[in-house]
Structure formats: structure tokens, C-alpha cells
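Residue numbers (this note's numbering): 35 to 140.
Shown next, in C-alpha cells, is the structure this report addresses.
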Amino acid sequence: MSDVFEQLSKVLDERKTAAADSSYVASLYHKGLDTILKKIGEEATETVIAAKDGQADQIIYETADLWFHTLVMLKHLNLEPQAVLDELERRFGLSGLEEKANRGEK
């Protein structure tokens with residue numbers, strides 16, 4: 035896992051036990067999964083809009099927000115970001131069509 039993901043993972047773990055008013059992430063954890071998922075939806079929409087506008091700096095900014103909130107969700111569910119990276123690594127050498135077929139998708 036990259037150093038950034040490792041560092042962020044540690045901070046997100048620390049914020050899980052912090053007081054709700056001590057940080058933005060702690061407040062998300064205290065509000066619960068529905069609030070975290072709503073933020074992911076908002077950030078996904080903002081990422082799509084940024085991509086449609088074609089401004090690289092905004093695309094990067096919004097994608098960072100989307101990834102961040104997705105990491106918050108993973109940690110809230112006691113899942114490690116490394117598990118996602120492992121899944122991506124598993125897919126190397128596997129065509130997208132083959133991957134979808136293995137999942138029974140059309």
C-alpha cells in the first residue's frame with residue numbers, strides 16, 4: 035500500500051474513537067453509515083461534473099474527495115484499503131469481459 039494510504043488509514047483509525055466535535059472524520063463516524071454514503075454519492079456526482087467540464091485540477095480535487103470518503107466508509111465498516119488494492123492486483127491479467135463473466139454480469 036502506498037505511504038499516503040497507510041498514513042491516511044492510521045489517521046482514519048484514530049478518528050474512529052475521537053469525540054464527534056474533534057474532527058470532520060470523527061463527526062462522520064458518529065453520524066453513521068448513511069451520512070458517509072450520502073457524502074460518497076455527493077462526491078461521485080461532483081467528480082462526474084468535474085470530468086464533464088474537463089478541468090484537470092477540478093477532476094483531481096473531486097476524485098481525491100471521492101477516494102477520501104470511500105476510505106472513510108471502508109474504515110467505518112472495519113475494512114482495510116489494502117483489501118481493495120489486493121482486489122485490483124488480483125484483476126491484473128484478467129480481461130474486463132472475463133471478470134464480468136466470472137461475476138455472472140452481462
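Glycine included, every Cβ here is placed at the ideal spot set by N, Cα and C.
Owing to the predicted nature of the structure, the values given are computational and were not obtained by experimental measurement.
Around the beta carbon of A84, a 10 Å sphere encloses 16 or more other beta carbons of the protein chains shown; the residue is thus reported as buried.
Nearest neighbour of A60 by Cα position, chosen from A90, L113, K72, D47, turns out to be D47. If you compare the alpha carbons of A90, D87, A98, Q41 with that of I74, the shortest gap goes to A98. The C-beta of E77 has 16 or more other C-beta atoms within 10 Å across all chains shown, which makes the residue buried. Out of N136, M107, A54, the CA that lies nearest to the CA of H64 is found in A54. Close CB contacts of L67 within its chain, under the 7 angstroms cut and outside five residues either way in sequence, are with H110 (chain order).
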